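Engineer:
Residue numbers (our numbering), protein chains in the order written: chain A, 684 to 947; chain B, 33 to 295.
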């Protein structure tokens, strides 16, 4: 690993660590109740009591950001899990068996991939209402195809190597070949795509909740904090700056980490 | 033991059909060493894969008979075939770099066929794997058992492959150009090892190569293939001393007599 890459890795890892810490704090205890309003502290600036200031209802922005990070991370984790799980299943089946099953599933896959994910999310939310679980389902479906493609390509490559031929000759069943001999070989490829997937999921979640398709108010979320802050952006930029910075930092951390893991 | 009659393999491409193996006949008894020689694309490997049952069913048509111990391999059901594969019929491949899974310990891969076909206990499997590694003349088999493929050299990997193929004491070992990717001294060692296995255990060996001099040192009988056809077959010494076909003459003439003779 050369020096710039090492530096990237260290920065990426520390940012991701910081995000993890924020998530944990968001789960355990925030300085204030993120939904408690304080009429005296409306649009308050930076102070010792409120390090990030307060929003238009006098709610502590730091607490809301922490809970928002928690929310984003939980949703992203679920979305990436759905994508990886179904993507791996689909990709392995299509890549390993090939034939008409491969054709049908991969064309369906292409269809989902071609569909804009925002539109897909709108359809799901239109049918089932907005909320955390609907958002997870909508984004999860949208994330499956890219993982399926990555896994399929890798399985196609491994399937034809001599060692798979050798275990086939030893009489191993398809299930054994897939589970014991192929899936463990996907680890490295999956690790980098999981990190990049996290990156995309955070962005998608923030975008969705900015459009009002995330968790219902008054529960905090980074995206909606940005959209609510729009009205005060010139008079009171603090309300927008902190959630914005946190989103940027999250994306940056995952990108840096994903970049270094991928090239190794 | 093994009888192949009128084996034809056709590959259906998108538009045209190509026959890669035409009417191949061969017969092997226990303890035989049969060589198949021929240039690239002559159908040697396809014949071997068909005998091993490794050709996929997609886009491919096989006809004729491959009879192993009285069972027709082309028609028997998958369960019977799976019992034979790897236990009675084993195979080693050309590229030792690709023929071991990079992330599984060598020992576990040597054990694989015992794990699939028998109910032997873990400890005994390990013992037999180490014995198999010792039988292929690897130094320090305990250490090899615990190592990953990238820690071994090409020759060591090929030996480990032979150990994996031989652990179930198969009756037929198919060696598909097992020495092509190795350097000359290792080649000679591997050929000696195959000879020893054949003599001590009576395993029949189907040795595929394009190196006639190697075939001459190892095999009793030889088939010469070209464009999917067997052009000549018979005793090794007969064919070497008195080749009938132009193609065989050409192949024999291509053996370098003396390494300094090239110019």
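Even for Gly, the Cβ is constructed at its ideal location relative to N, Cα and C.
This one's a predicted model, so the numbers in the text were calculated from it and none came from an experiment.
Would you call the CB atoms of residue 736 (chain A) and residue 723 (chain A) closer than 8 Å?
Structural biologist: Working through the first chain from its first residue, we reach residue 736 (chain A) at position 53. Working through the first chain from its first residue, we reach residue 723 (chain A) at position 40. Taking 8 Å as the Cβ cut-off, residue 736 (chain A) and residue 723 (chain A) do not qualify as a contacting pair.
Engineer: Would you call the stretch 40-47 of chain B and the stretch 892-909 of chain A in contact, with 3 or more CB pairs under 8 Å?
Structural biologist: no
Engineer: Based on DSSP bridge pairs, tell me the residues matched to residue 104 (chain B).
Structural biologist: On the second chain, residue 104 (chain B) is found 72 positions in, with the first residue counted as 1. DSSP, once it has assigned bridges, lists B:99 as partnering residue 104 (chain B).
Engineer: Going along the stretch 126-156 of chain B in order, which residues come within less than 8 Å of chain A, judged by CB to CB distance?
Structural biologist: So the close ones are 126, 127, 130, 131, 132, 133, 134, 135, 136, 141, 144, 145, 148, 149.
Engineer: Could you please tell me which residues of the stretch 98-116 of chain B, in chain order, have their CB closer than 9 Å to any CB of chain A?
Structural biologist: 113, 114, 115, 116
Engineer: For the alpha helix (DSSP H) that residue 722 (chain A) lies in, which residues bound it at each end?
Structural biologist: Locating residue 722 (chain A) in the first chain gives position 39, where the first residue counts as 1. From DSSP, residue 722 (chain A) is part of no alpha helix (DSSP H); its letter is neither H nor E.
Engineer: Is the distance from the Cβ of residue 299 (chain B) to the Cβ of residue 71 (chain B) below 8 Å?
Structural biologist: What is shown of chain B runs 33 to 295, which leaves residue 299 (chain B) out entirely.
Engineer: Between which two residues does the alpha helix (DSSP H) holding residue 764 (chain A) run?
Structural biologist: Numbered from 1 along the first chain, position 81 holds the residue referred to as residue 764 (chain A). Note, residue 764 (chain A): alpha helix (DSSP H), 744-780.
Engineer: Are residue 943 (chain A) and residue 695 (chain A) close, meaning C-beta to C-beta below 8 Å?
Structural biologist: For the purposes of this step, residue 943 (chain A) is taken as the residue at position 260 of the first chain. For the purposes of this step, residue 695 (chain A) is taken as the residue at position 12 of the first chain. The answer is yes: Cβ separation under 8 Å.
Engineer: Please report the distance separating the alpha-carbon of residue 213 (chain B) from that of residue 228 (chain B).
Structural biologist: Locating residue 213 (chain B) in the second chain gives position 181, counting from the first residue. Locating residue 228 (chain B) in the second chain gives position 196, counting from the first residue. Cα-Cα distance, rounded: 21 Å.
Engineer: Does the beta carbon of residue 119 (chain B) sit closer than 8 Å to a beta carbon anywhere in chain A?
Structural biologist: Within the second chain, residue 119 (chain B) is the residue found at index 87, counting from 1. Yes, because at least one Cβ of chain A sits closer than 8 Å to the Cβ of residue 119 (chain B).
Engineer: Do we get a CB-CB distance below 8 Å when we pair residue 845 (chain A) with the residues of chain B?
Structural biologist: Residue numbering aside, residue 845 (chain A) sits at position 162 when the first chain is read from its first letter. By this cut-off, residue 845 (chain A) is an interface position.
Engineer: Which runs of the beta strand (DSSP E) spanning at least 3 residues fall entirely within the stretch 137-225 of chain B, listed in chain order?
Structural biologist: 204-208
Engineer: Where does residue 42 (chain B) sit, in a helix, a strand or coil, going by DSSP?
Structural biologist: Within the second chain, numbered from 1, the residue matching residue 42 (chain B) stands at position 10. It is a strand residue.
Engineer: How many whole angstroms separate the CB atoms of residue 796 (chain A) and residue 829 (chain A), which I take to be in contact at a CB cut-off of 8 Å?
Structural biologist: Here residue 796 (chain A) refers to the residue found at position 113 when the first chain is read from its first residue. Here residue 829 (chain A) refers to the residue found at position 146 when the first chain is read from its first residue. Sure, about 7 Å apart at Cβ, within 8 Å.
Engineer: If you reduce the DSSP assignment to three classes, tell me which class residue 898 (chain A) lands in.
Structural biologist: Counted from its first residue, the first chain places residue 898 (chain A) at position 215. In this structure, residue 898 (chain A) counts as coil in the three-state DSSP scheme.
Engineer: Measure the beta-carbon distance from residue 807 (chain A) to residue 821 (chain A) and round it to whole angstroms, keeping in mind my assumption that it falls under 8 Å.
Structural biologist: Along the first chain, one-based indexing puts residue 807 (chain A) at 124. Along the first chain, one-based indexing puts residue 821 (chain A) at 138. Correct: roughly 4 Å between the Cβ atoms.
Engineer: With a CB to CB cut of under 8 Å and the five nearest residues on each side skipped, what residues in its chain are close to residue 934 (chain A)?
Structural biologist: On the first chain, position 251 is the one that residue 934 (chain A) refers to. Scanning its chain for C-beta atoms nearer than 8 Å, with the 5 sequence neighbours on each side dropped, one finds around residue 934 (chain A) the residues 882, 885, 886, in chain order.
Engineer: Where do the N-terminal and C-terminal ends of the beta strand (DSSP E) with residue 236 (chain B) fall, by residue?
Structural biologist: If you number the second chain from 1, residue 236 (chain B) lands on position 204. That run of the beta strand (DSSP E) goes 236-241.
Engineer: Can residue 625 (chain A) and residue 699 (chain A) be called in contact, C-beta distance under 8 Å?
Structural biologist: One cannot answer for residue 625 (chain A) here, as it falls past the ends of chain A, which runs 684 to 947.
Engineer: In the DSSP assignment, what residue or residues form a beta bridge with residue 786 (chain A)?
Structural biologist: Within the first chain, residue 786 (chain A) is the residue found at index 103, counting from 1. Note: residue 786 (chain A) sits in no beta bridge, so no partner.
Engineer: Which runs of the alpha helix (DSSP H) fall wholly inside the stretch 909-947 of chain A and span at least 4 residues, in chain order?
Structural biologist: 921-946
Engineer: How many whole angstroms separate the CB atoms of residue 769 (chain A) and residue 827 (chain A), which I take to be in contact at a CB cut-off of 8 Å?
Structural biologist: By one-based count along the first chain, residue 769 (chain A) stands at place 86. By one-based count along the first chain, residue 827 (chain A) stands at place 144. Right, their Cβ atoms sit about 5 Å apart.
Engineer: Can you give me, in chain order, the residues of the stretch 848-868 of chain A that have a beta carbon less than 7 Å from any beta carbon in chain B?
Structural biologist: 848, 849, 850, 851, 852, 853, 854, 855, 864, 867, 868
Engineer: Determine the direct distance from the alpha carbon of residue 184 (chain B) to that of residue 166 (chain B), and round the result to whole angstroms.
Structural biologist: Against the second chain, residue 166 (chain B) aligns to sequence position 134. Against the second chain, residue 184 (chain B) aligns to sequence position 152. Note on geometry: alpha-carbon atoms of residue 166 (chain B) and residue 184 (chain B) lie some 15 Å from one another.
Engineer: Please compile the residues from chain A whose C-beta is within a distance smaller than 8 Å of the C-beta of residue 84 (chain B).
Structural biologist: Taking the first residue of the second chain as 1, we reach residue 84 (chain B) at position 52. Under the 8 Å cutoff, chain A gives 852.
Engineer: From A:689, A:702, A:686, A:812, pick the residue whose C-alpha is nearest to that of residue 928 (chain A); which is it?
Structural biologist: On the first chain, position 245 is the one that residue 928 (chain A) refers to. Of the listed residues, the one whose Cα sits closest to residue 928 (chain A) is A:702.
Engineer: Could you tell me how far apart the beta carbons of residue 131 (chain B) and residue 92 (chain B) are, in whole angstroms, since I believe they sit closer than 8 Å?
Structural biologist: As a working mapping, residue 131 (chain B) is identified with position 99 in the second chain. As a working mapping, residue 92 (chain B) is identified with position 60 in the second chain. Not really, about 22 Å apart at Cβ, beyond 8 Å.
Engineer: Does the pairing of the stretch 754-766 of chain A with the stretch 798-813 of chain A give three or more beta-carbon distances under 8 Å?
Structural biologist: no
Engineer: By the criterion of Cβ-Cβ separation under 8 Å, what are the contact partners of residue 245 (chain B) in chain A?
Structural biologist: Within the second chain, residue 245 (chain B) is the residue found at index 213, counting from 1. Correct list: empty, because the minimum Cβ distance to chain A is about 25 Å.
Engineer: Alpha carbon to alpha carbon, what distance is there between residue 692 (chain A) and residue 734 (chain A)?
Structural biologist: Position 51 of the first chain, counted from the start, is the residue given in the question as residue 734 (chain A). Position 9 of the first chain, counted from the start, is the residue given in the question as residue 692 (chain A). In this structure, the alpha-carbon of residue 734 (chain A) lies about 29 Å from that of residue 692 (chain A).
Engineer: Pull up the CB-CB distance for residue 717 (chain A) and residue 742 (chain A), whole angstroms please, since I reckon it's below 8 Å.
Structural biologist: On the first chain, position 34 is the one that residue 717 (chain A) refers to. On the first chain, position 59 is the one that residue 742 (chain A) refers to. Contact between residue 717 (chain A) and residue 742 (chain A) holds, since their C-beta atoms are separated by about 6 Å, short of 8 Å.
Engineer: How about residue 37 (chain B) and residue 57 (chain B): are their beta carbons less than 8 Å apart?
Structural biologist: For the purposes of this step, residue 37 (chain B) is taken as residue 5 along the second chain, with counting starting at 1. For the purposes of this step, residue 57 (chain B) is taken as residue 25 along the second chain, with counting starting at 1. Yes.
Engineer: So the beta strand (DSSP E) residue 837 (chain A) belongs to, where does it begin and stop?
Structural biologist: Taking the first residue of the first chain as 1, we reach residue 837 (chain A) at position 154. No beta strand (DSSP E) contains residue 837 (chain A), which is instead part of the alpha helix (DSSP H) from 815-842.
Engineer: Comparing the C-beta of residue 45 (chain B) with each C-beta of chain A, is any distance below 8 Å?
Structural biologist: Along the second chain, read from residue 1 onward, the residue named residue 45 (chain B) stands at position 13. No - not a single Cβ of chain A is within 8 Å of the one on residue 45 (chain B).
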